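Student: There's a structure below that I have some questions on.
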Amino acid sequence: DAKTTQPNSMESNEEEPVHLPCNHSTISGTDYIHWYRQLPSQGPEYVIHGLTSNVNNRMASLAIAEDRKSSTLILHRATLRDAAVYYCILRDPYNQGGKLIFGQGTELSVKP
Amino acid sequence: DAMVIQNPRYQVTQFGKPVTLSCSQTLNHNVMYWYQQKSSQAPKLLFHYYDKDFNNEADTPDNFQSRRPNTSFCFLDIRSPGLGDAAMYLCATSRDLGQGRETQYFGPGTRLLVL
Numbered sequence: 001d002a003k004t005t006q007p008n009s010m011e012s013n014e015e016e017p018v019h020l021p022c023n024h025s026t027i028s029g030t031d032y033i034h035w036y037r038q039l040p041s042q043g044p045e046y047v048i049h050g051l052t053s054n055v056n057n058r059m060a061s062l063a064i065a066e067d068r069k070s071s072t073l074i075l076h077r078a079t080l081r082d083a084a085v086y087y088c089i090l091r092d093p094y095n096q097g098g099k100l101i102f103g104q105g106t107e108l109s110v111k112p
Numbered sequence: 113d114a115m116v117i118q119n120p121r122y123q124v125t126q127f128g129k130p131v132t133l134s135c136s137q138t139l140n141h142n143v144m145y146w147y148q149q150k151s152s153q154a155p156k157l158l159f160h161y162y163d164k165d166f167n168n169e170a171d172t173p174d175n176f177q178s179r180r181p182n183t184s185f186c187f188l189d190i191r192s193p194g195l196g197d198a199a200m201y202l203c204a205t206s207r208d209l210g211q212g213r214e215t216q217y218f219g220p221g222t223r224l225l226v227l
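Shown next as structure tokens:
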């Protein structure tokens, strides 16, 4: 399974944009890039996913490098409620079970 | 509107005493997953059901079993809990098996304490 590398922690100020990086140099051509986040004492929550093109939704944007070896999750205006562990996960469409293989993630703290 | 419900949120059991954790879903999804998350670690998949088909991860201990009596409910049974089984247990669902795009929906988790 292709692996991802993320910084252990990042800090942000409230109402400022946050760019969370993820390296996945061994990504295969068919791997989707998924982001989930886990707020304290809660289950993980889907944020966004993409394959090749940049993606936007109501929660965030996903910028994917042209060679797909890295990606960045962008929170346009961080709020205190965005403090969470953010997981970047590669999903193989040919992997039976669709399991999510979580890495250690990035713990994002947001300062008022 | 709760979609994946886990009960109880906290469970205390004694060393060696069987315990069952429950999960229900209102999404009518085909797939249900159980993950284990130990303190300060990432979630780790134990097993999943696709409809009635059970799929165990290779490194899931025999001590852990699961039942899915119908589409809505899934149970995690720990036959003889040890101290090392204290963790958060997360239930998740997805509409179908992974084709790369499928989203998983997680419940809030049950935190298990073993005394």
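Sequence lines, in order, name chains B and Y.
Per my numbering, the first sequence runs over residues 1 to 112.
Per my numbering, the second sequence runs over residues 113 to 227.
Backbone N, C-alpha and C fix where the C-beta goes; we use that ideal spot for every residue, glycine too.
Here the structure is a predicted model, which means the values were calculated and not measured.
So which residues of chain Y does B:Q42 contact, with C-beta pairs closer than 9 Å?
Tutor: As a working mapping, residue 42 of chain B is identified with position 42 in the first sequence. Neighbours of B:Q42 on chain Y, chain order: F218, P220, G221.
Student: So, is B:L80 buried or exposed, given that buried needs 16 or more other C-beta atoms within 10 angstroms?
Tutor: To locate residue 80 of chain B, count along the first sequence from 1; it is residue 80. Result: exposed.
Student: Report buried or exposed for Y:S151, applying the criterion of at least 16 other Cβ atoms within 10 angstroms of its Cβ.
Tutor: If you number the second sequence from 1, residue 151 of chain Y lands on position 39. Exposed: under 16 other Cβ atoms inside 10 Å.
Student: Nearest-angstrom Cα distance between B:P93 and B:S12?
Tutor: By one-based count along the first sequence, residue 93 of chain B stands at place 93. By one-based count along the first sequence, residue 12 of chain B stands at place 12. Straight-line Cα distance between these residues: approximately 34 Å.
Student: Candidates B:E16, B:A63, B:I48: which alpha carbon is nearest B:P112's?
Tutor: For the purposes of this step, residue 112 of chain B is identified with residue 112 of the first sequence, where counting begins at 1. When only C-alpha atoms are compared, the closest one is B:E16.
Student: Tell me which residue opens and which closes the beta strand (DSSP E) that B:M10 is part of.
Tutor: By one-based count along the first sequence, residue 10 of chain B stands at place 10. Here the beta strand (DSSP E) through B:M10 covers 9–13.
Student: Compare the C-alpha of Y:N142 against each of Y:N175, Y:L209, Y:K129 and name the closest.
Tutor: Start at 1 with the first residue of the second sequence, and residue 142 of chain Y comes out as number 30. The shortest C-alpha separation from Y:N142 is found at Y:L209.
Student: With three or more C-beta pairs closer than 8 Å as the rule, is the region 122–133 of chain Y touching the region 23–31 of chain B?
Tutor: At 8 Å Cβ cutoff, the stretches do not touch.
Student: Output the distance between the C-alpha atoms of Y:F185 and Y:S136, rounded to the nearest integer angstrom.
Tutor: Locating residue 185 of chain Y in the second sequence gives position 73, counting from the first residue. Locating residue 136 of chain Y in the second sequence gives position 24, counting from the first residue. Approximately 4 Å, taken between the alpha carbons.
Student: When you compare the CB of Y:P181 with every CB in chain B, is at least one pair closer than 7 Å?
Tutor: Within the second sequence, the letter at position 69 stands for residue 181 of chain Y. Output row for Y:P181: interface = no.
Student: What three-state label does DSSP hand Y:G196 in the structure shown?
Tutor: Looking up residue 196 of chain Y in the second sequence gives position 84. In this structure, Y:G196 counts as helix in the three-state DSSP scheme.
Student: Going by beta carbon distance, what residues of the same chain come within less than 6 Å of B:S70, once the five residues before and after it are set aside?
Tutor: Here residue 70 of chain B corresponds to residue number 70 of the first sequence, with the count starting at 1. Cβ within range, chain order: N23.
Student: How long is the line joining the alpha carbons of B:Y86 and B:S41, rounded to whole angstroms?
Tutor: Sequence index remark: in the first sequence, residue 86 of chain B carries index 86 (1-based). Sequence index remark: in the first sequence, residue 41 of chain B carries index 41 (1-based). So the alpha carbons of these two residues sit roughly 14 Å apart.
Student: Whose Cβ in chain Y lies nearer than 8 Å to the Cβ of B:K99?
Tutor: Position 99 of the first sequence, counted from the first residue, corresponds to residue 99 of chain B. What B:K99 touches in chain Y: Y145, L157, H160, E169, G210.
Student: Are the C-beta of B:Y191 and some C-beta of chain Y separated by less than 7 Å?
Tutor: Since the displayed chain B opens at 1 and closes at 112, residue 191 of chain B lies outside it and no answer follows.
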